[in-house]
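Just so you know, we're using the numbering used here here: the sequence shown kicks off at 1 and counts up by one.
One structure is given below, encoded as structure tokens.
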Amino acid sequence: MKTLLHAALLAAAVTGTGAHAAAITVTPEDMGPGLNHWNVTNVRVNSSAAITNTNARDGNGSVEMSLADGNGKADFAFTWGYVAGRTLGNLSALSYDWYRAAGGTAAAHLQPALRLVYDADGNIDTQDDTGYLIWEQIYNGGGLVDGAWTSSDIIGGNFWMRQFAPGNTVENYGTMLAEWMNGPRPGAPADVLGANSAILGIEFGIGSGWNGSFTGFVDNVHYAFGADGQRFNFETAAAGEVPEPASLALLGLGIAAAVTARKRKRA
1 MKTLLHAALL AAAVTGTGAH AAAITVTPED MGPGLNHWNV TNVRVNSSAA ITNTNARDGN
61 GSVEMSLADG NGKADFAFTW GYVAGRTLGN LSALSYDWYR AAGGTAAAHL QPALRLVYDA
121 DGNIDTQDDT GYLIWEQIYN GGGLVDGAWT SSDIIGGNFW MRQFAPGNTV ENYGTMLAEW
181 MNGPRPGAPA DVLGANSAIL GIEFGIGSGW NGSFTGFVDN VHYAFGADGQ RFNFETAAAG
241 EVPEPASLAL LGLGIAAAVT ARKRKRA
């Protein structure tokens with residue numbers, strides 16, 4: 001598995017140029033495995049994550065995520081691999097919209113978290129220095145309001161670190177991205193980050209030890225490295241695929257006219 005991942009990331013490093021577009025609509029049909037596709041991952045028992053129309057943010061959909069108890073977990077991930085210029089030092093924008101539904105029994109401070117996937121030294125040939133930088137509202141002041149959308153611009157927020165190898169949580173929850181890049185490295189052992197640390201992808205998710213039930217939603221995920229950025233709007237169907245009410249009415253009139261004409265012809 002690690003060999004296949006290394007091969008995929010190497011291909012991205014050679015051929016990937018990154019997208020310079022603004023808004024991108026993501027529907028269930030756009031989901032899939034591999035690089036440069038959103039995919040559902042790390043879904044555990046009694047958990048789910050999917051694009052639905054349950055609580056649309058902009059347009060007709062958003063990502064709905066739920067779990068039933070402390071065993072639950074679900075993530076949405078978008079990985080681009082090693083792309084020139086997509087480094088911690090070049091990261092210039094990071095934001096998303098999220099929603100915590102009322103009625104859940106999980107702790108009141110929990111909400112869909114956003115994660116940056118990093119490679120500390122930016123070297124594709126070393127895979128033992130990767131991990132997450134994770135943003136959560138609880139470490140950034142302000143309370144959560146159930147049943148309301150929140151738009152969070154988090155480029156200047158506090159992030160904590162989860163290292164993959166060896167698995168280690170760096171419990172320094174008040175550290176901004178610039179401090180991870182330039183300041184003293186908290187925790188031991190700690191991946192040493194810098195301006196050239198590669199950012200390999202972006203994720204958001206719920207769960208892993210959340211005792212209780214939870215339902216949340218995410219939309220309008222945005223990142224940028226200078227002029228190289230993308231904003232993802234999650235929809236159940238692309239614009240134009242679902243007729244508007246007026247269009248449906250005209251369609252109905254057209255069908256009625258066709259039926260009437262056919263009856264006259266038969267008569």
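Even for Gly, the Cβ is constructed at its ideal location relative to N, Cα and C.
Residue i to residue j span [Cα, whole Å]
i: threonine 41; j: tyrosine 82; result: 20 Å
i: leucine 114; j: isoleucine 134; result: 6 Å
i: threonine 353; j: asparagine 233; result: A query on residue 353 cannot be resolved here, the shown segment of the chain reaching from 1 to 267 and no further.
i: alanine 238; j: glycine 34; result: 22 Å
i: serine 48; j: serine 66; result: 5 Å
i: aspartate 228; j: asparagine 140; result: 27 Å
i: serine 92; j: glycine 226; result: 6 Å
i: tyrosine 223; j: leucine 94; result: 4 Å
i: glutamine 163; j: glutamate 203; result: 15 Å
i: asparagine 60; j: alanine 178; result: 36 Å
DSSP three-state assignment for residue i, whether helix, strand or coil
i: asparagine 90; result: helix
i: leucine 110; result: coil
i: tryptophan 180; result: helix
i: aspartate 30; result: helix
i: glutamine 137; result: helix
i: glycine 207; result: strand
i: aspartate 191; result: coil
i: aspartate 69; result: coil
i: tryptophan 80; result: coil
i: glutamine 127; result: coil
Status (buried if at least 16 other CB within 10 Å, exposed otherwise) for residue i
i: histidine 109; result: exposed
i: asparagine 182; result: exposed
i: glycine 103; result: exposed
i: aspartate 125; result: exposed
i: valine 145; result: exposed
i: aspartate 128; result: exposed
Nearest-angstrom beta carbon gap, residue j and residue i [assumed within contact, 8 Å]
i: threonine 236; j: asparagine 123; result: Not really, about 40 Å apart at Cβ, beyond 8 Å.
i: threonine 27; j: glycine 201; result: That pair is no contact at about 20 Å.
i: glutamine 111; j: glycine 216; result: 6 Å
i: valine 221; j: alanine 190; result: Not a contact, Cβ separation roughly 27 Å.
i: tyrosine 96; j: valine 218; result: 6 Å
i: asparagine 36; j: alanine 77; result: Their Cβ separation, rounded to whole angstroms, is 11 Å, which puts asparagine 36 and alanine 77 out of contact at 8 Å.
Runs of beta strand (DSSP E) wholly within the stretch 138–169 (minimum 3 residues, chain order): As for any beta strand (DSSP E) of minimum length 3 sitting wholly inside the stretch 138–169, the runs are 149–153, 158–163, ordered along the chain.
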